[in-house]
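**Q** Mind the numbering: the sequence shown is residues 61 to 255 in our numbering, read in order. Using N, Cα and C, we set each Cβ at its ideal position, and we do this for glycine too.
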Amino acid sequence: MTEIRVHTEIQVHKDAQLLAHIEDLRSVYVDAFCAPPWNENDERAADFVGRLRVDVDRPGFTAATAVRDGELLGFATAWTTLAPFPDDRCHAQAAAGLGPDHTSDWLVGARELDELAVRRAARGTGLAARLLETVTADAPGGRCWLVTSLRSDRAMSFYRHQGWTQATHPSPAGRGVVVFLGPRHPARALAPQPL
61 MTEIRVHTEI
71 QVHKDAQLLA
81 HIEDLRSVYV
91 DAFCAPPWNE
101 NDERAADFVG
111 RLRVDVDRPG
121 FTAATAVRDG
131 ELLGFATAWT
141 TLAPFPDDRC
151 HAQAAAGLGP
161 DHTSDWLVGA
171 RELDELAVRR
181 AARGTGLAAR
191 LLETVTADAP
201 GGRCWLVTSL
211 RSDRAMSFYR
221 HQGWTQATHP
231 SPAGRGVVVF
241 LGPRHPARAL
251 APQPL
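#1: Keeping to the same chain, check which residues put their C-beta closer than 6 Å to that of Y219; ignore five residues upstream and five downstream.
#2: Which whole-angstrom value describes the C-beta separation of L192 and A136, a residue pair presumed to lie in contact below a C-beta threshold of 8 Å?
#3: Applying the criterion that 16 or more other CB atoms from any shown protein chain within 10 Å of the CB defines a buried residue, is H245 buried or exposed?
#4: For A247 and C150, I'd like the C-alpha separation in whole angstroms.
#5: Given a cut-off of 9 Å on the beta-carbon distance, is the pair V195 and R171 in contact?
#6: How is H221 classed by DSSP in three states: helix, strand or coil?
#7: By Cβ distance below 8 Å, which residues in the same chain neighbour C94 in space, the five residues on each side in sequence not counted?
#8: Looking at the unbroken alpha helix (DSSP H) that takes in V31, where does it start and where does it end?
#9: Does the contact criterion of 3 or more C-beta pairs under 8 Å hold for the stretch 153 to 167 versus the stretch 122 to 140?
#10: Rounded to a whole number of angstroms, what is the C-alpha to C-alpha distance between D161 and A154?
#11: Measuring alpha carbon to alpha carbon, tell me which of L133, P230 and H73 ends up nearest V88.
#12: From G73 to D115, what does the alpha carbon distance come to, in whole angstroms?
#13: With a 10 Å radius around its C-beta and 16 neighbouring C-beta atoms as the bar for buried, classify E83 as buried or exposed.
#14: Going along the chain, which unbroken runs of the alpha helix (DSSP H) with 4 or more residues stay wholly within the stretch 145 to 178?
#15: Quick check on G157: buried or exposed, where buried means 16 or more other Cβ atoms within 10 Å of its Cβ?
#16: Alpha carbons only, please: which of L250, Q253 and L187 is nearest the one belonging to A68?
#17: Starting from A95 and walking both ways along the alpha helix (DSSP H), at which residues does that stretch end?
#18: Looking only at its chain, what residues have a beta carbon closer than 6 Å to the beta carbon of F121, apart from the 5 residues adjacent to it on each side?
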């Protein structure tokens with residue numbers, strides 16, 4: 061019997077052409093985030109779609125999609141963080157955790173990973189790592205960063221395993237978000253170590 065190898069193709073998108081796949085992107089978002097530990101709902105998925113329609117016009121916008129046999133299995137979106145540092149969504153918490161100088165020096169002008177989502181059926185295949193690398197590989201000066209929630213031990217472990225460095229450390233009973241710096245970010249060695 062001959063084994064058939066199925067190849068997952070990673071496609072890069074730099075503009076609004078990504079929106080041609082909006083319903084598939086929403087479907088992946090729901091599959092990835094409307095279950096524990098994220099527990100998001102249809103309203104949050106609709107918010108994602110609305111944000112994406114604006115995000116595709118951001119400077120440095122880069123997205124990657126993973127497609128196998130015509131099915132979208134995952135995606136990642138990123139862009140350049142501009143000054144002044146944003147204060148929407150989780151940005152204010154990130155800035156509070158780093159302080160104004162580190163926020164400006166480490167995050168402004170860097171590639172910001174916004175979303176990374178893979179269908180549950182495709183987890184553990186290395187797909188998330190491929191998508192992450194695709195949207196951050198050409199980050200200016202290796203400077204890329206992201207924010208993730210402390211509620212997901214799986215996400216925290218994944219980013220560490222990919223060589224990302226946790227740059228903020230909430231109290232042991234802390235909640236909220238943490239900032240990670242990418243594996244080639246020049247400030248990684250300066251990030252405070254947990255107590």
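**A** On the basis of the supplied data:
#1: Residue mapping note: residue 219 aligns to position 159 of the sequence shown, counting from 1. For Y219, the CB contacts under 6 Å within the same chain, skipping 5 residues up- and downstream, are F240 in chain order.
#2: For the purposes of this step, residue 192 is identified with residue 132 of the sequence shown, where counting begins at 1. For the purposes of this step, residue 136 is identified with residue 76 of the sequence shown, where counting begins at 1. Going by Cβ atoms, the distance from L192 to A136 rounds to 6 Å, so yes, they are a contact pair.
#3: Here residue 245 refers to the residue found at position 185 when the sequence shown is read from its first residue. With 16 or more Cβ atoms within 10 Å of its Cβ, H245 is classed as buried.
#4: Counted from its first residue, the sequence shown places residue 247 at position 187. Counted from its first residue, the sequence shown places residue 150 at position 90. A247 and C150: Cα-Cα distance of roughly 21 Å.
#5: Looking up residue 195 in the sequence shown gives position 135. Looking up residue 171 in the sequence shown gives position 111. Result yes, Cβ atoms of V195 and R171 sit closer than 9 Å.
#6: Locating residue 221 in the sequence shown gives position 161, counting from the first residue. The answer is helix: DSSP assigns H221 an H, G or I state.
#7: On the sequence shown, position 34 is the one that residue 94 refers to. Taken in chain order, the residues that qualify are E100, N101, D102, R104 and A105.
#8: Residue coverage of the chain in this structure runs from 61 to 255, which leaves residue 31 outside it and unanswerable.
#9: no
#10: The residue you call residue 161 lines up with position 101 of the sequence shown. The residue you call residue 154 lines up with position 94 of the sequence shown. Roughly 12 Å between the two C-alpha positions.
#11: For this step, residue 88 is matched to residue 28 along the sequence shown. Selected option, being the one with the closest Cα: L133.
#12: Locating residue 73 in the sequence shown gives position 13, counting from the first residue. Locating residue 115 in the sequence shown gives position 55, counting from the first residue. Note that residue 73 is His in the sequence shown, not Gly. For H73 and D115, the distance between alpha carbons rounds to 12 Å.
#13: For the purposes of this step, residue 83 is identified with residue 23 of the sequence shown, where counting begins at 1. Exposed, because fewer than 16 other Cβ atoms sit within 10 Å of the Cβ of E83.
#14: 151 to 158
#15: Within the sequence shown, the letter at position 97 stands for residue 157. G157 is buried by the Cβ-count criterion.
#16: Position 8 of the sequence shown, counted from the first residue, corresponds to residue 68. For the sequence presented, residue 68 should be read as Thr rather than Ala. Measuring from the Cα of T68, the nearest candidate turns out to be L187.
#17: What you label residue 95 is simply residue 35 of the sequence shown in a count that begins at 1. From DSSP, A95 is part of no alpha helix (DSSP H); its letter is neither H nor E.
#18: Here residue 121 corresponds to residue number 61 of the sequence shown, with the count starting at 1. If we look at F121 and ignore the five residues flanking it on each side, its Cβ neighbours are W139.
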